[in-house]
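Accompanying notes for the structure given below.
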Amino acid sequence: MEKTSGERDVNSPIARFMRQLMKNNTQDNQEITDSSADLTLDANSPDATMQNLEQSESRFNPVIFGNSSFRSGNSSDVPAWSKDSMNMDWLFTIAKQMRQAEKIDTLLAATVTEVQQYLHADRVLLYQLQSQNQGVVLAESMVNGYTPSLKESLPIIAFGANKPEDYQKEPFIAIDDTANTGLTFYQCQLLNQFQVQASLSLPIFIRDQLFGLLVVQQCSHPRQWQENEITLLYQIVTELRLSLQSLIFRNEQQALARVSEKARQTIDEENIFQTTTREVQKLLNVERVAIYKFNSDYCGHFVFESKVPNLHSIVGKSWDDTYLKQHQGGLFRENKPYVVDDVARITGGSDCYLEAFENFQIEACAIAPIFVGQELWGLLCAYQHSDTRHWLEDEIKLHRWLK
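The opening position of the sequence shown corresponds to residue 0 in numbering that gives the first Met the number 0, with each subsequent residue numbered one higher.
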C-alpha cells in the first residue's frame with residue numbers, strides 16, 4: 000500500500016514522542032507568554048540562552064543524545080558524541096542571535112539563514128498564516144538557481160498538509176519525495192512551481208494559535224528527513240517562539256506608549272486619532288484602520304483612517320446599521336469586539352451589515368468600541384480588503400487596548 004505524505008514520519012517513534020511533547024507543551028506555551036510580559040532575564044544574557052536551551056535539551060535528550068540509531072546514515076564518519084556537541088554549539092549560537100534580534104524581520108532572516116546553512120538545505124523559509132487557509136512567506140534563505148518564494152502568498156496545503164488542522168494534530172509534516180507521495184495534483188503543482196522535491200514543515204504556535212510554519216526544502220533531489228534533524232528543528236521552533244513572543248510584546252508596549260504620549264502632549268482630537276490609526280495599522284499589518292464616530296441616533300460616519308495607498312478613502316462616508324440603531328450600539332455597548340475572519344462565512348448577521356461589508360469590499364474585520372467616559376463614542380475598525388484574515392488573539396487584545 001502506498002504511503003501518504005508524511006505517513007512514515009507521523010507514525011515513527013520520534014513522531015509519537017513529539018506528539019506527547021506537544022501535548023505537554025501547553026504549559027510551555029503559557030510560560031513563553033508569561034515571560035514576554037515579565038522579562039526577568041536580559042535578552043542578550045548568556046544565562047537566558049543557556050536556561051532556555053537546557054530546558055529544551057532535557058526534553059529531547061532521549062532522542063538526539065541518547066540513541067545513536069537516529070543518526071543520519073550518511074554521516075557515519077562523524078562519531079555520535081561529536082555530532083551531539085556540534086548540534087549543541089550551533090543551537091547556542093543561533094539562540095544567542097535570536098535573543099539579540101531587535102526586530103522581527105531580523106529575527107526571521109537570521110533563523111532561515113542559519114538553518115539553511117547548517118542543514119545544507121536548498122531552501123528554508125518562514126511562513127505566516129494570514130487567513131484560515133492562506134499565508135505569506137516572510138523570510139527565505141536559498142541557494143541560487145531556484146524560483147524564490149519570498150513574499151509569495153500561498154495556501155497552507157502547499158507544504159504537505161491536507162488541511163490547516165493537521166498542524167494542530169501532528170508535530171511536523173514530512174515529504175521525502177514529492178513524486179512518490181499521496182499529495183494531490185494541486186499540491187504537486189504548488190511544490191513544482193518552486194522546484195521542491197522534498198519538504199519538512201513544523202508549526203509555530205503563539206499562545207496556542209498557529210502563527211505559521213518553519214519549512215525546510217530540498218530542490219535538487221529527494222531527501223529522507225532524519226529523526227535528529229526533525230528534533231533539532233523542533234528546538235529551533237521552541238526558541239523562535241519565545242523570541243517572537245518577546246518582540247511582539249515589546250512592539251505592542253512601544254505602540255501603546257506612543258499613543259499614550261501623544262494623548263498627554265495634546266488635547267487635539269485629530270492628532271490623537273491619526274496617531275492611533277497609524278500605529279494600529281502598522282502593528283497589525285492590516286490594509287486599513289479607521290475610526291467611526293456615532294451620532295446620537297447610532298448612525299455615524301468615518302472620521303479618520305490609515306490605509307495602504309491603493310485603497311479609496313472612506314473618511315466622511317456613513318454606515319447606517321438598523322441593528323445598531325435599534326439596540327443602541329448592540330454588543331459594542333457591552334464593550335465587546337466584533338471579529339470576522341471571513342465575511343463570506345457570516346451567518347445570522349443583519350442584512351444591512353452584510354451589505355455594508357460588500358459595499359466597502361471588506362473581506363475580514365476586527366472592530367472594537369471606543370468609549371468616552373461611560374458613553375459609546377465610536378468604533379476602531381481594522382479591515383482587510385484583498386483577502387480573508389485569521390486574527391490572532393494577541394492582535395485582538397492589542398486592538399482593544401489601543402482604542
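Using N, Cα and C, we set each Cβ at its ideal position, and we do this for glycine too.
Can you tell me where the beta strand (DSSP E) holding residue i begins and where it ends?
i           : result
residue 214 : 208-217
residue 194 : Unbroken run through residue 194: none, as it is neither H nor E.
residue 122 : 122-128
residue 337 : 337-339
residue 152 : 152-154
residue 178 : Counting along the chain, residue 178 falls outside any beta strand (DSSP E), and DSSP gives it neither H nor E.
Residue i: which of the options sits nearest, CA to CA?
i           : options            : result
residue 127 : 136, 119, 121      : 136
residue 226 : 168, 175, 208      : 175
residue 332 : 293, 341, 276      : 293
residue 244 : 92, 93, 102, 387   : 102
residue 88  : 109, 390, 231      : 231
residue 259 : 249, 248, 271      : 271
residue 156 : 172, 168, 142      : 172
residue 178 : 220, 168, 234, 141 : 220
residue 392 : 100, 92, 129, 169  : 129
residue 307 : 289, 168, 295      : 289
residue 170 : 352, 95, 329, 202  : 202
residue 355 : 396, 301, 390, 388 : 301
residue 99  : 343, 373, 242      : 242
residue 268 : 119, 371, 85, 396  : 371
residue 236 : 353, 85, 94, 330   : 94
residue 388 : 343, 222, 353      : 343
With DSSP as the reference, identify every bridge partner of residue i, one or two as the case may be.
i           : result
residue 408 : Residue 408 is absent from the structure shown; the chain starts at 0 and stops at 402.
residue 369 : 377
residue 187 : Per DSSP, none; premise fails for residue 187.
residue 141 : 122
residue 306 : 287
residue 135 : 127, 152
residue 243 : For residue 243, which the question treats as bridged, DSSP gives no partner whatsoever.
residue 330 : According to DSSP, which records beta bridges pairwise, residue 330 is partnered with nothing at all.
residue 355 : Residue 355 is not bridged to any residue.
residue 382 : 287, 364
residue 203 : 211
In terms of residue numbering, what span does the alpha helix (DSSP H) encompassing residue i cover?
i           : result
residue 108 : 103-118
residue 283 : 268-283
residue 167 : 165-168
With C-beta atoms as the reference, is residue i less than 9 Å away from residue j?
i           : j           : result
residue 107 : residue 125 : yes
residue 297 : residue 324 : yes
residue 305 : residue 327 : no
residue 97  : residue 251 : no
residue 117 : residue 194 : no
residue 131 : residue 341 : yes
residue 303 : residue 314 : yes
residue 287 : residue 310 : yes
residue 211 : residue 134 : yes
residue 122 : residue 148 : yes
residue 190 : residue 154 : no
residue 375 : residue 366 : no
residue 110 : residue 138 : yes
residue 112 : residue 140 : yes
residue 394 : residue 283 : yes
residue 345 : residue 339 : yes
Quick one: does the C-beta of residue i sit closer than 8 Å to a heavy atom of the ligand SAM?
i           : result
residue 390 : Among the components of this structure there are no ligands whatsoever, and the ligand SAM is therefore not found.
Segment contact flag, the stretch 318-329 with the stretch 160-175, C-beta cutoff 8 Å, min 3 pairs: no
Three or more C-beta pairs below 8 Å linking the stretch 203-212 and the stretch 179-191: Under the 8 Å Cβ criterion, the stretch 203-212 does not count as touching the stretch 179-191, having fewer than three qualifying pairs.
The stretch 191-198 touching the stretch 211-223, judged by at least three CB pairs closer than 8 Å: yes
The stretch 276-284 in contact with the stretch 378-394 per 3-pair CB rule at 8 Å: yes
Cβ pair count under 8 Å reaching 3, the stretch 354-365 against the stretch 383-395: yes
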